[in-house]
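Numbering (our numbering), first residue to last: 962 to 1412.
Glycine included, C-beta positions come from ideal geometry on N, C-alpha and C.
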Amino acid sequence: MPSQKLPFHIAIVGGGIGGLCAALSIHHHCPKDGSVVIDVYEQAPEYKEIGAGLGIGVNAAKLLHRIGLGEDLNKISGHRNGIWISFRRYDTGSEIVTVPVDDRQEIRQSPVHRAEFLALLFDHVKKRNAATLHVNKRCVELKDQGNFVELCFADGTTTTADLVVGCDGIHSVIRSQFRSDNPKYSGRMCYRGLVPIKDLESWWPFPSYSVSWLGPDKHFLAFPISRNTILNIVAFVYSDDDRTKESWTATGHRSEVQKEFEDFDATVRKTISFMNENPSKWILNDRELLDQWVYGNGKIVLMGDAAHAMLPHQGAGAGQAIEDGYILGRAIADYLSAPPERETQTLDKWMQLYQDVRLPRAQKAQATARQAGQVYEMQTPEMKGKAYEDCLPLVRDSLKDRMQWIWAGDIEAEYEAKKLRLMDQEASSSPRIEPVDAKFSARSGGGFGQA
């Protein structure tokens, strides 16, 4: 372990899915002898998700199995019965393309309810004593104090840490200290709802996989969660009105959804009739690609939506946050296990390794999620101006293998390869290129300035 005081204190800002996955991964990979202390700071009054469903791809499910969450994950997830998703025409409901998936394995695609998944993570953090969980702690500023970082909270309290992990969402306060960019409205919004599948009676023809009806400028998605007992519904439309909140408390009316999709297939129209009278209503914000996740000479890192918020059109956002947390845990463990005499084994170097492994893949997921939304609604440059029928072959070609690069990715193998190169560089005494870091502001207290 590098020569420093013990224990090594890690502060995770944000107690959502990304933050708790990071805590569990760090705890899993690091020594359990008290040399690593993890605190998670959540601004909400409790660790609770509301909302709806999310997809955990096999790439992320594999990592959850490796840190001992697999059995419980399978208990709360649905199953696909050989099909991941069937894309269909909006007007007739006939098939455009169906994407198969091998669901016979223990490690498989895992569609889950957000609340159930967060509860699973919360329970494992408590059971393993992986971290101390705090609530009502909204971080408003970080201050560099040389060898450590001071965290300032809205309630007037402060604490310190050797490493701060910023996973405080798309509106990240941690990110805003280094970059002045803000989330951008994508021009799309969605209505969301949950319907017990038993309420749909026997007419619902897709009980075990996702279905998406694709139309010009809008599409309608439904997939089962909670062990295939609940149908998660997301209805995407274009809107010039960006005043709708990113909040599950913002609602529309079922009649709005019915009007938007009145020319869609009868199955869609009937499904909408089962939605809650006041479905939740969300605008979809996006983030520009961020070329740096590591600041303060390695003492501050970003992950999850704070680093790479993405549109939901590939169902990959949660999986990318899980990958972040897993690789961050690996990098922290390797840093702490480095022999003290290896002075080049700095925290900054290992956090840069985390960034080098994760950033390109996460950025590709961001970019392809945007493209997927355009494909679903026939808005790519190649499709604009074309008749619906002429777009369908382009849609089919784009969607049939779109997710394979995400699902087949072996992020741990990539980490091992880049770690080996790092070790080889050290052995050959290659000169180290210092990362471009954020400039400190002239404010009192040593706060960070924006790039």
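With distances taken between CB atoms, is the gap from His990 to Arg1291 smaller than 8 Å? Numbered from 1 along the sequence shown, position 29 holds the residue referred to as residue 990. Numbered from 1 along the sequence shown, position 330 holds the residue referred to as residue 1291. The answer is yes: Cβ separation under 8 Å.
Within 10 angstroms of its Cβ, does Lys1347 collect 16 or more other Cβ (buried), or is it exposed? What you label residue 1347 is simply residue 386 of the sequence shown in a count that begins at 1. Exposed, by the Cβ-count rule.
Look at Ser939 and Ser1047 and say whether their C-beta atoms are less than 8 Å apart. Nothing about residue 939 can be reported from this structure: the residues present for the chain run from 962 to 1412 only.
Can we say the stretch 1127-1143 touches the stretch 1262-1277, given the rule of at least three CB pairs closer than 8 Å? Proximity of the stretch 1127-1143 to the stretch 1262-1277 meets the contact definition, three or more beta-carbon pairs being nearer than 8 Å.
Pick out whichever of Tyr1287, Ala1227, Val1060 and Val1062 has its Cα sitting closest to the Cα of Leu981. As a working mapping, residue 981 is identified with position 20 in the sequence shown. That would be Tyr1287, whose Cα lies nearest to the Cα of Leu981.
Using the Cα positions of Ala1279 and Gly979, report the straight-line distance between them to the nearest angstrom. Translated into the one-based positions of the sequence shown, residue 1279 becomes position 318. Translated into the one-based positions of the sequence shown, residue 979 becomes position 18. Each residue's Cα considered, the two are about 7 Å apart.
If you run the structure through DSSP and keep just helix, strand and coil, what is Ile1233? As a position in the sequence shown, residue 1233 is number 272, starting the count at 1. The answer is helix: DSSP assigns Ile1233 an H, G or I state.
Lys1242 vs Tyr1152 beta-carbon contact at 8 Å: Locating residue 1242 in the sequence shown gives position 281, counting from the first residue. Locating residue 1152 in the sequence shown gives position 191, counting from the first residue. Result yes, Cβ atoms of Lys1242 and Tyr1152 sit closer than 8 Å.
Could you give the residue range of the alpha helix (DSSP H) that holds Gln1315? Position 354 of the sequence shown, counted from the first residue, corresponds to residue 1315. Residue identity check: residue 1315 is Tyr in the sequence provided, not Gln. Boundaries of the alpha helix (DSSP H) around Tyr1315: Leu1308 to Tyr1337.
To the nearest angstrom, how far is it from the Cα of Ser1391 to the Cα of Arg1382? Looking up residue 1391 in the sequence shown gives position 430. Looking up residue 1382 in the sequence shown gives position 421. Here the model assigns Ser1391 a pLDDT of 48, short of 50, so the residue's position is not dependable, and the following value carries that caveat. One C-alpha to the other measures close to 11 Å.
For Ile973 and Leu1015, I'd like the C-alpha separation in whole angstroms. Taking the sequence shown and counting its residues from 1, the one referred to as residue 973 is at position 12. Taking the sequence shown and counting its residues from 1, the one referred to as residue 1015 is at position 54. Each residue's Cα considered, the two are about 23 Å apart.
Under three-state DSSP, which class holds Arg1149? Here residue 1149 refers to the residue found at position 188 when the sequence shown is read from its first residue. Looking at Arg1149 - three-state DSSP - the assignment turns out to be strand.
Once DSSP output is grouped into helix, strand and coil, what is the label at Val1096? Taking the sequence shown and counting its residues from 1, one reaches residue 1096 at position 135. Looking at Val1096 - three-state DSSP - the assignment turns out to be coil, as it is neither helix nor strand.
Who are the near neighbours of Pro1240 in its chain, counting only those whose CB is closer than 7 Å to its CB and skipping five residues on each side? Numbered from its first residue, the sequence shown carries residue 1240 at position 279. The residues are Tyr1152, Arg1153, Gly1154, Thr1212, Gly1213, Arg1215 and Val1218.
Distance between Gln1306 and Ala1388 (C-alpha atoms, nearest Å): On the sequence shown, residue 1388 is found 427 positions in, with the first residue counted as 1. On the sequence shown, residue 1306 is found 345 positions in, with the first residue counted as 1. Roughly 12 Å separates the two Cα atoms.
For the beta strand (DSSP E) containing Ile1261, name the first residue and the last one. Stepping through the sequence shown from its first residue, residue 1261 is reached at position 300. Start and end: Ile1261 to Leu1263.
Taking DSSP's pairing of strands, which residues face Phe1083 in a bridge? Position 122 of the sequence shown, counting from 1, holds the residue named residue 1083. Per DSSP, none; premise fails for Phe1083.
With Val1126 as the anchor, note down where its beta strand (DSSP E) starts and where it stops. Walking along the sequence shown from the start, residue 1126 turns up at place 165. Val1126 -> beta strand (DSSP E) spans Leu1124 to Gly1127.
Touch test, the stretch 1220-1237 against the stretch 1185-1205, Cβ-Cβ under 8 Å, three pairs minimum: The stretch 1220-1237 is in contact with the stretch 1185-1205.
Quick check on Gln1420: buried or exposed, where buried means 16 or more other Cβ atoms within 10 Å of its Cβ? Lying before the first or after the last residue shown, residue 1420 is absent from the chain, which here runs from 962 to 1412.
Could you tell me which of Pro1006, Phe969 and Ala1005 sits nearest to Val997, measuring between CA atoms? Taking the first residue of the sequence shown as position 1, residue 997 is located at position 36. A check of alpha carbon separations from Val997 across Pro1006, Phe969 and Ala1005 identifies Phe969 as the nearest.
If you pair each beta-carbon of the stretch 1356-1376 with each one of the stretch 1054-1065, do three or more pairs fall below 8 Å? yes
Residues in its own chain within less than 6 Å of Gly1259 by CB, not counting five upstream and five downstream? On the sequence shown, position 298 is the one that residue 1259 refers to. Excluding sequence neighbours, Gly1259 sits near Leu1308, Asp1309 and Met1312.
On the CB-based measure, 16 or more other CB atoms within 10 Å of its CB, does Asn1020 come out buried or exposed? Working through the sequence shown from its first residue, we reach residue 1020 at position 59. Buried is the call here.
With distances taken between CB atoms, is the gap from Ile987 to Val1125 smaller than 8 Å? If you number the sequence shown from 1, residue 987 lands on position 26. If you number the sequence shown from 1, residue 1125 lands on position 164. With a cutoff of 8 Å on beta-carbon distance, Ile987 and Val1125 are scored as not near each other.
Those residues which DSSP pairs with Ala1174 across a bridge: Residue 1174 sits at position 213 when you count from the first residue of the sequence shown. The residue you asked about is not Ala; residue 1174 is Trp in the sequence shown. The partner list for Trp1174 (beta bridge, DSSP) reads Arg1049 and Phe1181.
CA nearest to the CA of Ala1227, picked from Met1271, Trp1165 and Asp1351: Reading the sequence shown from its first residue, position 266 is the one you call residue 1227. Per the C-alpha coordinates, the member of Met1271, Trp1165 and Asp1351 positioned closest to Ala1227 is Trp1165.
Let me confirm a value: Ala1091 is counted as buried when at least 16 other C-beta atoms fall within 10 Å, else exposed. Which label applies? Translated into positions along the sequence shown, residue 1091 becomes position 130. Buried, by the Cβ-count rule.
Taking the C-alpha atoms as reference points, what is the distance between Gln1275 and Ile1367? If you number the sequence shown from 1, residue 1275 lands on position 314. If you number the sequence shown from 1, residue 1367 lands on position 406. One C-alpha to the other measures close to 10 Å.
Where does Val1101 land, buried or exposed, given buried means 16+ other C-beta within 10 angstroms? Counted from its first residue, the sequence shown places residue 1101 at position 140. Looking at its Cβ environment, which holds fewer than 16 other Cβ atoms inside 10 Å, Val1101 is exposed.
Taking DSSP as the reference, what is the three-state secondary structure of Lys1023? Reading the sequence shown from its first residue, position 62 is the one you call residue 1023. Three-state result, Lys1023: helix.
Simplified DSSP state of Glu1056, which is helix, strand or coil: For the purposes of this step, residue 1056 is identified with residue 95 of the sequence shown, where counting begins at 1. Glu1056: strand per DSSP, three-state reduction.
Check whether the Cβ atoms of Tyr1315 and Leu1289 sit closer than 8 Å, and answer yes or no. Walking along the sequence shown from the start, residue 1315 turns up at place 354. Walking along the sequence shown from the start, residue 1289 turns up at place 328. Yes, Cβ-Cβ distance for Tyr1315 and Leu1289 is below 8 Å.
So if DSSP puts Tyr1199 in a beta bridge, which residue, or which two residues, is it bridged to? Taking the sequence shown and counting its residues from 1, the one referred to as residue 1199 is at position 238. Note: Tyr1199 sits in a beta bridge opposite Arg1149.
Output needed for Ile1293: all residues of its chain with C-beta closer than 6 Å, excluding positions within five of it in sequence on either side, in chain order. Counted from its first residue, the sequence shown places residue 1293 at position 332. For Ile1293, where only same-chain residues beyond five positions count, the Cβ hits under 6 Å are Ile987.
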